[in-house]
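Student:
Residue numbers (UniProt numbering): 1 to 955.
#1: Could you compute how far the alpha carbon of residue 330 sits from the alpha carbon of residue 501?
#2: Which ranges would you report for the beta strand (DSSP E) in the segment 588–620 if only whole runs of at least 3 residues count?
#3: Count the other CB atoms, across all protein chains shown, that sit within 10 Å of the CB of residue 772; report buried if there are 16 or more and exposed otherwise.
#4: DSSP state of residue 893, grouped into three classes?
#5: Helix, strand or coil for residue 112? Go by DSSP, reduced to three states.
#6: Cα separation between residue 794 and residue 747?
#7: Do you know offhand how far residue 386's Cα is from residue 109's?
#8: When the Cα atoms are used, what is the spatial distance from residue 430 to residue 705?
#9: Can you tell me which of the three DSSP states residue 201 falls into?
#10: Where do the N-terminal and C-terminal ends of the alpha helix (DSSP H) with residue 50 fall, by residue?
#11: Any idea what DSSP makes of residue 833, helix, strand or coil?
#12: So, are the CB atoms of residue 312 and residue 122 less than 8 Å apart?
#13: Assign residue 756 to one of two classes, buried (16 or more other C-beta atoms within 10 Å of its C-beta) or exposed (fewer than that).
#14: Is it buried or exposed for residue 619, if we count other Cβ within 10 angstroms and need 16 for buried?
#15: Tell me where the beta strand (DSSP E) around residue 500 begins and ends.
#16: Across the segment 414–425 and the segment 481–488, are there enough close Cβ pairs to call them in contact, namely three or more that are closer than 8 Å?
#17: Can you find the residues in the same chain that come closer than 6 Å, C-beta to C-beta, to residue 446, ignoring five residues on each side of it along the sequence?
#18: Excluding five sequence neighbours on each side, which residues of the same chain lie with their C-beta closer than 6 Å to the C-beta of residue 374?
#19: With the cut-off set at 8 Å, would you say residue 809 and residue 791 are in Cβ contact?
#20: Less than 8 Å between the beta carbons of residue 608 and residue 515, yes or no?
#21: For the 8 Å Cβ check, are there 3 or more pairs between the segment 90–104 and the segment 119–139?
#22: So, helix, strand or coil for residue 37, using DSSP?
#23: Suppose you measure from the CA of residue 50 to the CA of residue 80; what does that come to, to the nearest Å?
#24: Taking the C-alpha atoms as reference points, what is the distance between residue 602 and residue 359?
#25: Would you identify the three-state DSSP class for residue 11, choosing helix, strand or coil?
#26: In angstroms with no decimal places, state the Cα-to-Cα distance between residue 580 and residue 598.
#27: What whole-angstrom Cβ distance do residue 627 and residue 511 have, given they're in contact under 8 Å?
#28: Looking at the C-beta of residue 761, does it have a partner C-beta in chain D at a distance below 8 Å?
#29: Considering only DSSP beta bridges, list what residue 819 is partnered with.
#30: So, for residue 54: in the same chain, excluding its five sequence neighbours on each side, which residues have a beta-carbon less than 7 Å away from its beta-carbon?
#31: Under three-state DSSP, which class holds residue 364?
#32: Cα separation between residue 712 and residue 656?
#33: Would you tell me roughly how many angstroms separate the C-alpha atoms of residue 6 and residue 345, rounded to the nearest one?
#34: Could you tell me whether the Cβ atoms of residue 4 and residue 20 are closer together than 8 Å?
#35: Which same chain residues, not among the five before or five after residue 455, have their C-beta less than 7 Å away from its C-beta?
#36: If we count the other Cβ atoms within 10 Å of its Cβ and call it buried at 16 or more, is residue 531 buried or exposed?
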């Protein structure tokens, strides 16, 4: 296996950030015969401007990577930062990136006596905007790394001081050749009003200018009254001008043009002013766009802090330089003789930083691609006792006496590895059930390894856990929320079958154990789970078993030991599954290669509602039974002096780790897992943890979920714009495009009564909650259908995939369409973007004969029916941000309006009806539905205060 960079010196040079692997005796001893000088890790450079990862030729020519020979590297090497590996690059926009370096680690286990496994205890996020910013961060991080302070993120005061240092450095002239242009720090400080309070607070303690701007009724680009007398910094090309209360957008206040700009086009002196004016306007526009791109969004500081807490402060990410911890013992593939890098051998299902490492992978810098796995790794030694009869003194055929039985001791290791899937990853109430590809929330593979200290005999036992593979959700605002079933029977059956098909392909047989209640709220999903099992395809069903054990009922009164009743039932099943048993010789390869006595034939799949507390109790009991069988095969038993607390403690730590990753707190019922006893103190502790979970579920989880999706590459940075608007995050694993296409299909089947009516187009749009209004909250997603005869507005229940109501308007009654900017909120910057926030109004005059038709689904034999009046009416629709299959929201809305016009023209021509006109003889008119100025006037103080309060809590 090619060598990985185990220790790296990171220095900020003039032309980029230099990553120089530091060779040491441990590297050389591990690489010995397999790694020669050609595959020794070579230094690389991350260019400040392009963010490209390139070989660093000057440092690579040096024989000693600890002592760079080039003058620039030698000058900055003392100011470098040592790292134990690279987690990847966090790229927020093309010009805003951060290197994530592992600055602190802790060894938690060793495989085969020579492959250490580490947990990440701290990371550094080094800005790649300029040498100045990187140096400022490294200078602040170096003392913390040297002192071994690994409590996670630094204190808020330290972070503010660091950002103040960056802000101070950014106030200096940006003509520093190290930057080649303005830095992110300069952009934020110079234009802090554009990014809101979070980006400003990230770079300065003063902050909150955005809130002052909103209170004065100004747009995000306008300056507050307080800021009008403050120095203003505007970047033009490579220069930053600082002025007192000067409007830099006016030509007379712009800096003097360069010689290149003074040239007169075609020698016409009288056109010089016009040319300069156009150039100045272009420069201002480019500067504003560059600022938006550099900072990307005003939640960047929170994203950086969340990333550092997640990767470094959670103690939930593990790695090994030369052992694949993502694969179970029985599926290990790599050996020393293989030439593939480690990242190509790991299981993609558990490669958590693959998206972050993609720049290094694309640059073919395999030495810096260190795979991280989220989950748990723990290892504890324990002592066993074996008895052997020794021959007595030669007294004939006398049988051995009790005194001749000599007990012998054997030292063993118990290693526990839990691997958390990257698919449908996330937090408790925000990731439930299954997605369209059969992946479930909180999916974890747990492996228990039992071995001797020499690893000559190894036992492996696998179990899995995961959410119930059905579409459902639960509200985070209730202490005991009721599951709500989603989607159609067909959709659930397809996802359910896909989940178990993948599980059986991976593990062989699967026996699912459901621990949810048979009565009360949980029974709803439990009964659906049981019924879905009966509907599995036969080729899958033959490999899947099912048991429903009502944990709370069977173990009421804190008698968790009653779990033994479940294992009385499962005994034959688990005996059939068995475990992996392998004996290794000293010459066996790294991936095994020994004699396999037995292979595990199937796995136990356990779930409760969250797959945390009850699941951990049952899994630990199954693992205990497997351990007893392993010891029996070895002919040993646990020493009498051991109370087996070591086993309970390791499994309790595992339960706490998985619980913190999914529910943000330690596992409930942890006292029983640790001591096999339950008392009132444990119950009180669980109550406190329940309240903590409740708080995190409704406050902090929404942004953390968006950050997790972004780090995994499931979403783009636009997710933070959407979060700022809604203060919530969506589910990228559930294809909204597919749901919306299905909504159009279902709606067209239900509402179009005439079989001869031809569907011309269908779209999903946002519409006000109340018909005939422009700004009635909440806006809801509806389906718009255009046929050759009519236009339909359909209310659609996306959870149940049913039409709730619809309104039909004859095309002949439509008198005009108006489209343009449609802004319904000015509270968040994305909501004020006039290019993204567009919509249209359909005006119609119901005829006296037909009128418009409205029907409401009452879930009974009769639907509510009404005819519209003959008074002029209208429908308002707003295009969904980022609408699928369109280059822009503007193009989409214009296309829909033209389709309505074409359909109506054909209809009235066929019927011979006189066409109605809008303004000046035009049917389709481009005119703002709600412009920015009008939207500002409509945004009241109460609405602003409510949003600010929610944002202060959620964001």
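Ideal placement from N, C-alpha and C gives every residue a C-beta, glycine not left out.
Tutor: Put simply:
#1: 21 Å
#2: 595–598 and 602–607
#3: exposed
#4: helix
#5: coil
#6: 7 Å
#7: 26 Å
#8: 7 Å
#9: Low confidence applies to residue 201: its pLDDT is 37, below 50, so where it sits in the model is not reliable enough to give any reading.
#10: It is not in any alpha helix (DSSP H) - residue 50 carries neither H nor E in the DSSP assignment.
#11: coil
#12: yes
#13: exposed
#14: buried
#15: First-last for residue 500: 489–507, but that is the alpha helix (DSSP H), not the beta strand (DSSP E).
#16: no
#17: 418 and 463
#18: 316, 317, 352 and 420
#19: yes
#20: yes
#21: yes
#22: Interpretation of residue 37 is limited by its pLDDT of 48, a score under 50 that renders its predicted location unreliable; the figure taken from the coordinates is listed afterwards. Of the three classes helix, strand and coil, the one that applies to residue 37 here is helix, per DSSP.
#23: 22 Å
#24: 38 Å
#25: strand
#26: 5 Å
#27: The Cβ separation is near 19 Å, so there is no contact.
#28: Going by chain labels, chain D is absent from the structure shown, which holds only one protein chain.
#29: 840 and 926
#30: 44, 45 and 47
#31: coil
#32: 23 Å
#33: 18 Å
#34: no
#35: 112, 113 and 584
#36: exposed
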